[in-house]
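Asker:
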Amino acid sequence: MTIDITQYDTIAFDCDGVILDSNKVKTQAFYNATVEFNEPAAHALKQYHIENGGISRFKKFEWVIKNYLSHLDKESTLDKLLKNYANEVSHGLRTCKINPALSDLKKLNESANWLVVSGGAESELREIFAERDLEKFFPNGIFGSPDSKDEIFAREIANGNISGKSLFIGDSKYDFFSSKEAGLDFLFVGAWTEVEDWRNFCLSQSATYIDSLNALI
Numbered sequence: 001m002t003i004d005i006t007q008y009d010t011i012a013f014d015c016d017g018v019i020l021d022s023n024k025v026k027t028q029a030f031y032n033a034t035v036e037f038n039e040p041a042a043h044a045l046k047q048y049h050i051e052n053g054g055i056s057r058f059k060k061f062e063w064v065i066k067n068y069l070s071h072l073d074k075e076s077t078l079d080k081l082l083k084n085y086a087n088e089v090s091h092g093l094r095t096c097k098i099n100p101a102l103s104d105l106k107k108l109n110e111s112a113n114w115l116v117v118s119g120g121a122e123s124e125l126r127e128i129f130a131e132r133d134l135e136k137f138f139p140n141g142i143f144g145s146p147d148s149k150d151e152i153f154a155r156e157i158a159n160g161n162i163s164g165k166s167l168f169i170g171d172s173k174y175d176f177f178s179s180k181e182a183g184l185d186f187l188f189v190g191a192w193t194e195v196e197d198w199r200n201f202c203l204s205q206s207a208t209y210i211d212s213l214n215a216l217i
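So the sequence shown is numbered by my numbering: it starts at 1 and just counts up by one.
The following block contains the structure:
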């Protein structure tokens, strides 16, 4: 099965691992943000993040607090972890590679609704996209946490921002399941994913996949 993006009325993109080569940046940031509290917790969170790509940082830090840092005050610990993480990831997002296929891809279907649906922090994403001249590609919005992808999809479908024949392009298992639940077609891009068994996963779910966005051009 192949994807023809010219046939879509809405095209939504995940950010990390699709628009930006930032997965490894964020994986290391989760470790660095947590290691001052507890090294085993930092290792566990790093692996949990890899296995749960696409879920917001808030959920991941709540998980590590519940399972490894429950002896600490939850509110102040979460606040510190979030600040640590934001500081760690800021430079990486500003310097990592932008997907070189994005501009040519946009030219193929400029009339569609283009938007970002990410697990990253919405305010952070909007700032980075403005700085890196990426917001021009996504006139229908750049959306992220604290809302989950499920919540974003439901809201944007309800308000008509996601309408007609719609596609979500992502690189995680959660991307697939959340878009399927919302009724969007899905395309898995493998080039920068951290899902080790991504091809087998796609085959098991009958999910369409490509190695790189260049395959669509």
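In this text, a Cβ means the ideal position worked out from N, Cα and C, and glycines have one as well. From a predicted model like this one, the values you see are computed outputs, not experimental measurements.
(1) Roughly how many whole angstroms lie between the Cα atoms of asparagine 67 and glutamate 110?
(2) Can you give me the C-alpha to C-alpha distance between glycine 136 and arginine 126, rounded to a whole angstrom?
(3) Use the C-beta contact count for histidine 91: other C-beta atoms within 10 angstroms, 16 or more gives buried, fewer gives exposed.
(4) Assuming alanine 182 and leucine 115 are in contact, meaning their beta carbons sit under 8 angstroms apart, how far apart are those beta carbons, in whole angstroms?
(5) Is there contact between the segment 192–201 and the segment 23–34, where contact requires at least three CB pairs shorter than 8 angstroms?
(6) Are the CB atoms of aspartate 185 and serine 166 nearer to each other than 9 angstroms?
(7) Quick check: what's the CA-CA separation for alanine 207 versus threonine 34?
(8) Thinking C-alpha only, which one of Phe176, Pro139, Leu134 is nearest asparagine 243?
(9) Can you tell which of Phe61, Phe168, Pro40 has the C-alpha that lies nearest to the C-alpha of alanine 86?
(10) Where in the segment 107–164 do unbroken runs of the alpha helix (DSSP H), each at least 4 residues long, occur, reported from the N-terminal end onward?
(11) Figure out for me which residue from Arg57, Ala130, Phe177, Ile157 has the closest Cα to the Cα of alanine 29.
(12) Could you give the distance in angstroms between the alpha-carbon of serine 70 and the alpha-carbon of threonine 10?
(13) I need the DSSP call for phenylalanine 168, collapsed to helix, strand or coil.
(14) Applying the criterion that 16 or more other CB atoms from any shown protein chain within 10 Å of the CB defines a buried residue, is leucine 203 buried or exposed?
Answerer: Walking through what the data contain:
(1) So the two alpha carbons sit approximately 46 angstroms from each other.
(2) Looking at the sequence shown, residue 136 is not glycine but lysine. The straight-line gap from Cα to Cα measures roughly 11 angstroms.
(3) Residue environment for histidine 91: exposed (fewer than 16 other C-beta atoms within 10 angstroms of its C-beta).
(4) The Cβ separation is near 13 angstroms, so there is no contact.
(5) The segment 192–201 is in contact with the segment 23–34.
(6) Yes.
(7) The straight-line gap separating the alpha-carbon atoms of alanine 207 and threonine 34 is approximately 34 angstroms.
(8) In the structure as shown, the chain begins at 1 and stops at 217. Residue 243 is therefore absent and cannot be evaluated.
(9) Comparing Cα-Cα distances from alanine 86 to each of Phe61, Phe168, Pro40, the minimum goes to Phe61.
(10) You should have 122–131, 149–158.
(11) For the residues Arg57, Ala130, Phe177, Ile157, the minimum Cα distance to alanine 29 belongs to Arg57.
(12) So the alpha carbons of these two residues sit roughly 43 angstroms apart.
(13) In this structure, DSSP gives phenylalanine 168 an extended state, which the three-state scheme calls strand.
(14) Under this definition leucine 203 is an exposed residue.
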